[in-house]
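Protein chains in written order, with this note's numbering: chain A, 1283 to 1365; chain B, 409 to 612.
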């Protein structure tokens, strides 16, 4: 039977459905009887979701950076203006 | 204000050679590709590798066949560029497999039998939607994400933002799946710790 400490080590695997067989049964049984671990699992999942939503915004480049990167890939064509 | 365009619309425009669409693609994905490049090739080569990856993406985008998502396709390209750069430089991956000891919650949270003595406290701000409305909490999370070790940042990005499978992540970053799971758990625990502290104190 899992204890709480062991469950917290497996909580991400539980979220990602990575455990099968007896270990999965043990995790489910533990969650049925332990409200603290249910809360822990809920908090971990919500932290993950909130972090992902913020990362999606954080890990973006602004238009100036994008322009600079683009210009290194495709150099600007020469200007049409006469010298 | 213009509406944000989805990946399908973006792909359609990219295939017609629309350079504005390509700049939008860079805006959406450059930082992410850089994180993956850093995790594989290290900080020294990451900028270079990502630049090369963008050049490859620009040349190949017309032939993109949507067998995978656009982001998976691009991440695969930057991963390949990073690995081949490492081979050229005859260097090993910047982070090899780590020990598989599971990350732990503070030992004082449990008694000798492994049961909670300091169980998780109730969160008043208890949904992602509510948390996203808290400016200071957003700032705490942004700070934490920025300071995550490169391997945790890459694994968190690939799994929780891009929703890649653990098997794909292991392949992209040249890690074992067991290591990917440990690294991912560490990143999530770090985020949870920061959010928990904010919920209890109202501060980062």
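Built from N, CA and C at the ideal position, the CB exists for glycine as well. Just so it is clear, the structure is predicted and the values come from calculations on it, not from any experiment.
When you compare the CB of residue i with every CB in chain A, is at least one pair closer than 7 Å?
i, result
"residue 413/B", "no"
"residue 580/B", "no"
"residue 463/B", "yes"
"residue 524/B", "yes"
"residue 568/B", "yes"
"residue 557/B", "no"
"residue 472/B", "no"
"residue 508/B", "At residue 508/B, the pLDDT of 49 sits below 50, so the modelled position is not reliable and the matter cannot be decided from this model."
"residue 466/B", "yes"
"residue 513/B", "yes"
"residue 419/B", "no"
I'd like to know whether the C-beta of residue i is nearer than 7 Å to at least one C-beta of chain B.
i, result
"residue 1290/A", "yes"
"residue 1328/A", "yes"
"residue 1294/A", "yes"
Quick one, are the C-beta atoms of residue i and residue j less than 7 Å apart?
i, j, result
"residue 1289/A", "residue 1325/A", "no"
"residue 452/B", "residue 490/B", "no"
"residue 548/B", "residue 469/B", "no"
"residue 1332/A", "residue 539/B", "yes"
"residue 463/B", "residue 559/B", "no"
"residue 461/B", "residue 442/B", "no"
"residue 600/B", "residue 1329/A", "yes"
"residue 449/B", "residue 493/B", "yes"
"residue 1338/A", "residue 569/B", "yes"
Near residue i, what residues of its chain come up, given a Cβ to Cβ distance below 7 Å and the 5 sequence neighbours on each side ignored?
i, result
"residue 1295/A", "1301"
"residue 585/B", "574, 575, 578"
"residue 1292/A", "1301, 1309"
"residue 532/B", "607"
"residue 1318/A", "1286"
"residue 508/B", "For residue 508/B, the pLDDT reaches just 49, beneath the cut-off of 50, and the residue's location in the model is therefore unreliable, leaving the point undetermined."
"residue 475/B", "none"
"residue 454/B", "442, 445, 446"
Mind reading off the beta-carbon distance from residue i to residue j? Whole number of angstroms is fine, and I expect it under 8 Å.
i, j, result
"residue 545/B", "residue 466/B", "About 38 Å; that fails the 8 Å criterion."
"residue 580/B", "residue 487/B", "4 Å"
"residue 592/B", "residue 563/B", "5 Å"
"residue 566/B", "residue 595/B", "That pair is no contact at about 11 Å."
"residue 434/B", "residue 1343/A", "6 Å"
"residue 1315/A", "residue 550/B", "Actually they are not in contact, since the Cβ atoms of residue 1315/A and residue 550/B sit about 37 Å apart, beyond 8 Å."
"residue 1354/A", "residue 459/B", "6 Å"
"residue 1351/A", "residue 438/B", "6 Å"
Excluding the 5 residues preceding and the 5 following residue i in the sequence, name in chain order all residues of the same chain whose CB lies nearer than 8 Å to its CB.
i, result
"residue 524/B", "517, 518"
"residue 529/B", "604, 607, 608"
"residue 472/B", "419, 422, 423, 478, 481"
Given residue i, which residues of its chain have a CB within under 6 Å of its CB, disregarding the five upstream and five downstream residues?
i, result
"residue 1323/A", "1293"
"residue 429/B", "418, 421, 422"
Quiz item: Using Cβ-Cβ distances below 8 Å, what residues of the region 1331-1362 of chain A are close to chain B?
Solution: 1331, 1332, 1333, 1334, 1335, 1336, 1337, 1338, 1340, 1341, 1342, 1343, 1344, 1345, 1347, 1348, 1349, 1351, 1352, 1354, 1355, 1356
Quiz item: Going along the chain, which residues of the region 537-553 of chain B sit with their C-beta nearer than 7 Å to a C-beta in chain A?
Solution: 539, 540, 546, 549, 550, 553
Quiz item: For the region 430-462 of chain B, which residues have a beta carbon sitting closer than 9 Å to at least one beta carbon of chain A?
Solution: 430, 431, 432, 433, 434, 435, 436, 437, 438, 439, 440, 442, 443, 458, 459, 462
Exercise. Residues of the region 1300-1321 of chain A with a CB closer than 9 Å to any CB of chain B: list them in chain order, please.
Key: 1300, 1316, 1317, 1318, 1319, 1321
Quiz item: Listed from N- to C-terminal order along the chain, which residues in the region 575-599 of chain B have their beta-carbon within a distance smaller than 7 Å of any beta-carbon of chain A?
Solution: 589, 592, 593, 596, 599
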